[in-house]
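Have a look at the structure below, then the notes.
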Amino acid sequence: MLTALLAARGPLDTWSPTFIELLALFAPLVAFIVILTFTIDARRVSAWIAIVFTAAALVAAVLVLAIELVHPLHLERNSTYLTFFTNEAGAASQFKLEWGLVADGLAAVMLVVVTAISLIVQLYARESMRGDSGYVRFFVITAFLTFAMEGVVLADNYFALLFFWLLVSACSYLLIGHWWQRPAAASAARKAFLVTLIGDAGLLIGILYVYFRFNELNFQALAPQYAGGKVGATGLFIMGGLVLLGAVGKSAQFPLHVWLPDSTEGPPPTAAFLQAAGTAVAGGYLVARTFSLFQVSPRALLAVGLVGGGTAVLAGLWALAERSLPRVIAYLTMSQMGLVFLALAARGVGAAVFQLVTHAFFTACVILVAANLVSVMRTDSLFEMGGLWRRLPLSAWTMLIGAAALVGIPPLSGFWSQTAIAARLIQNGNAVLISLAMVALFLSGLAAFRLYFLVFSGETVRRRRFEIDRIREPRSQLTTPPMVLAAVAIVAGVIGLPQIRRNVVSFVTLLVPGSAFSITVPAVALATLPVLAGVVVAWLIYGQRLVPASMLARRLTPVYGPLRHAFFLDFAYRQSIRRGLVPLARAANRAERWVDHVLERGGAMAGTLGGLRVAPGPRVQQSWLGLLAGLVAMAALAMVAAAGWIKVKG
Numbered sequence: 285m286l287t288a289l290l291a292a293r294g295p296l297d298t299w300s301p302t303f304i305e306l307l308a309l310f311a312p313l314v315a316f317i318v319i320l321t322f323t324i325d326a327r328r329v330s331a332w333i334a335i336v337f338t339a340a341a342l343v344a345a346v347l348v349l350a351i352e353l354v355h356p357l358h359l360e361r362n363s364t365y366l367t368f369f370t371n372e373a374g375a376a377s378q379f380k381l382e383w384g385l386v387a388d389g390l391a392a393v394m395l396v397v398v399t400a401i402s403l404i405v406q407l408y409a410r411e412s413m414r415g416d417s418g419y420v421r422f423f424v425i426t427a428f429l430t431f432a433m434e435g436v437v438l439a440d441n442y443f444a445l446l447f448f449w450l451l452v453s454a455c456s457y458l459l460i461g462h463w464w465q466r467p468a469a470a471s472a473a474r475k476a477f478l479v480t481l482i483g484d485a486g487l488l489i490g491i492l493y494v495y496f497r498f499n500e501l502n503f504q505a506l507a508p509q510y511a512g513g514k515v516g517a518t519g520l521f522i523m524g525g526l527v528l529l530g531a532v533g534k535s536a537q538f539p540l541h542v543w544l545p546d547s548t549e550g551p552p553p554t555a556a557f558l559q560a561a562g563t564a565v566a567g568g569y570l571v572a573r574t575f576s577l578f579q580v581s582p583r584a585l586l587a588v589g590l591v592g593g594g595t596a597v598l599a600g601l602w603a604l605a606e607r608s609l610p611r612v613i614a615y616l617t618m619s620q621m622g623l624v625f626l627a628l629a630a631r632g633v634g635a636a637v638f639q640l641v642t643h644a645f646f647t648a649c650v651i652l653v654a655a656n657l658v659s660v661m662r663t664d665s666l667f668e669m670g671g672l673w674r675r676l677p678l679s680a681w682t683m684l685i686g687a688a689a690l691v692g693i694p695p696l697s698g699f700w701s702q703t704a705i706a707a708r709l710i711q712n713g714n715a716v717l718i719s720l721a722m723v724a725l726f727l728s729g730l731a732a733f734r735l736y737f738l739v740f741s742g743e744t745v746r747r748r749r750f751e752i753d754r755i756r757e758p759r760s761q762l763t764t765p766p767m768v769l770a771a772v773a774i775v776a777g778v779i780g781l782p783q784i785r786r787n788v789v790s791f792v793t794l795l796v797p798g799s800a801f802s803i804t805v806p807a808v809a810l811a812t813l814p815v816l817a818g819v820v821v822a823w824l825i826y827g828q829r830l831v832p833a834s835m836l837a838r839r840l841t842p843v844y845g846p847l848r849h850a851f852f853l854d855f856a857y858r859q860s861i862r863r864g865l866v867p868l869a870r871a872a873n874r875a876e877r878w879v880d881h882v883l884e885r886g887g888a889m890a891g892t893l894g895g896l897r898v899a900p901g902p903r904v905q906q907s908w909l910g911l912l913a914g915l916v917a918m919a920a921l922a923m924v925a926a927a928g929w930i931k932v933k934g
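Under our numbering, the sequence shown has 885 at position 601, and the numbering climbs by one with no breaks.
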């Protein structure tokens, strides 16, 4: 019946998907502009403007998804809306920078995910942050981040993707540093910006390399050229590695993972958006979007799998030693994204996208419930909670659904997506990747339910100046959003059923022939048994207290210490920066001062000869340098334009 209803002729047969995508893209940007221009002093009005325009973007995204479901083979795949300039000096050297939108299954699915999570997070933040001094600022930046993430999802070429990619980095920096007065938050924001900047630089170099070898930036045009033999295996591996570096930075994969746990220093809604549908998922999307590059380079695909599998295992280990509730969830997010990379390494684009969709909803659910728990208990330490099953039953049930979906307990959504990943891994046949997946799933089940049993089982820990008898469920405005997400985590599992999966998920696999998946008994066993084993171990240690956790930590001190500090990688990075980059920065500073001195003397001499006197000073020095650079740039641009090489198009 559903198929017949969708197949009936109607507006979906004539509406332009790229035009609707344009409406979805600009709705959050309009909210951003309206708030800054008209309502920045009206707290509640500003919040509702951001929410209403994000809801409009979600409606448009759902329409795009409906068009893709009804007409998965429609011809309007790309639409260029703006050409910045075109160099037509010669056919061989033609160069143009364009911005356009791509309309396909991958874009449609991710557009719905981004707008839906943004809307729910904003509804939660409207109540949870009502006393915050940066209330309006949060909604302004969140609206702009939604715009930037939509831009990444809808970009039809590397240039447009990189532009929005950098906007996502800037918005992440501002949101993580929302409470900039707190040293920890300011430090976390700087770390996130600098670490992701390393990946961004790699992506930029990769894009330049792709262009210089293929003279093209459009994803659809590049797809057949990768396999055309123009570039050798080593060149393709380098391209894939550089693009992977950008993805690793954004999705907090090893070794550029250190920013994500510290990002929890920002407001909880920030963590929910960034980890569920923002920065953390952008890397997985990037590899899926550029998969035509990776599928022609087996070495690049293997690198994707090793990075993802290794991160999933390491994150699971670190989560077991972490005491902070939000940071445990951050490590679990890293592990989930590692599974996405494993699926991509096994050529399972459909399975990877399926995991991105389910991950968005159960991760946001778990983070928002955790935020409520921290607010009620006035601590984020797992070992200062306990016994909340009886005191907060609604939160307990919601967290149970979210955690069970996260680790993949049937029949919740995570089970179907992780089984799809297992099916692709089995079809791929790489024993190393399968082993990494099994260990990661076991550790994920153990870490997630360690969190659950420490918080909700046993007796509530008594603390000074904290009355446990006054523990109550938060207001309905704070409990409803995670409950909605938990419901989606349940319902989304229906997508995994064979008949529905063929209609809803298979169109994503049209992007990459051979990436479809079939759920089999071995795949179910691979996805379920390690998880159940982890849950049972967590129940025995942290639920039944058969082995006291404190005694276990003492006996495993040689292991627990390094795990507690994530193998001291953060410390090693700080020392490397202090010993390597700081001296380099000082040398650059000395060189800059020397240049300023030369320019100042030259400017003074020119002023003397021409009757113009200039008072030297730091601002004047910078002005001289900027003026010189500007004049050189304008002169070069004028010469190129005079030669007829640049044409501006609207």
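Idealized CB from N, CA, C, for every residue including glycine.
Quick one: residues in its chain with C-beta nearer than 6 Å to the C-beta of residue i, no 5 flanking neighbours on either side, listed in chain order?
i, result
"G742", "G670, G671"
"T642", "S697, G698, S701, A776"
"L921", "With a pLDDT of only 49 at L921, under the threshold of 50, the placement of this residue in the model should not be trusted; the figure read from the coordinates follows. So no residue of the chain qualifies."
"E549", "A468, A469, A472"
"I718", "L709"
"L769", "F645, A648, C649"
"T744", "G670, G671, I752"
Which one of the options has the shortest CA to CA distance from residue i?
i, options, result
"A561", "L640, L520, V314", "L640"
"T682", "M767, A655, Y408, M722", "M767"
"A392", "R746, I319, F337, E305", "E305"
"P539", "W673, I489, I333, V597", "V597"
"V658", "S608, A507, T703", "S608"
"A439", "I774, M621, A566", "A566"
"T764", "A331, Q406, V336, V314", "Q406"
"F496", "G827, R611, M523", "M523"
Can you give me the C-alpha to C-alpha distance between residue i and residue j, rounded to a whole angstrom?
i, j, result
"L458", "D416", "15 Å"
"T563", "L501", "23 Å"
"V820", "L730", "8 Å"
"T480", "G530", "8 Å"
"P758", "Y408", "12 Å"
"R583", "V739", "43 Å"
"I319", "V723", "48 Å"
"V424", "A334", "7 Å"
"I351", "L830", "55 Å"
"R674", "Y736", "14 Å"
"Q559", "P552", "11 Å"
"T574", "L381", "18 Å"
"L412", "A771", "This sequence places Ser at residue 412; Leu is not what is there. Taking the straight line joining both Cα atoms gives about 21 Å."
"L520", "S535", "22 Å"
"L289", "K514", "Its pLDDT being 46, under 50, L289 is placed unreliably by the model, and the measurement read from it follows with that caveat. Using only the alpha carbons, I get a separation of about 47 Å."
"I317", "Q761", "27 Å"
"V256", "L810", "Because the chain spans 285 through 934 in this model, residue 256 falls outside it and cannot be assessed."
Short of 7 Å in beta carbon distance, which residues of its chain neighbour residue i, apart from the five on each side in sequence? Order them along the chain.
i, result
"R327", "Y419, V420"
"V398", "T430, M433, E434, V437, A561"
"A470", "G461, W464"
"A572", "L390, L628, V633, A636, V637"
"C245", "For the chain, the structure presents residues 285 to 934; residue 245 sits outside this window and is missing."
Does DSSP put residue i in a helix, in a strand, or in coil?
i, result
"F477", "helix"
"G384", "strand"
"S679", "helix"
"A687", "helix"
"S300", "coil"
"S581", "coil"
"S802", "coil"
"S697", "helix"
"S719", "helix"
"S417", "coil"
"S741", "coil"
"W464", "coil"
"L623", "helix"
"N714", "coil"
DSSP puts residue i in a beta bridge; with which residues?
i, result
"N441", "N502"
"F750", "R747"
"S453", "Note: S453 sits in no beta bridge, so no partner."
"S535", "In the DSSP output, where bridge partners are listed per residue, S535 has none listed."
"S471", "Looking at the DSSP assignment, S471 forms no beta bridge with any residue, so it has no partner."
"S665", "S608"
Spatial neighbours of residue i within its chain, please: C-beta separation below 8 Å, excluding the five flanking residues on both sides.
i, result
"S802", "A707"
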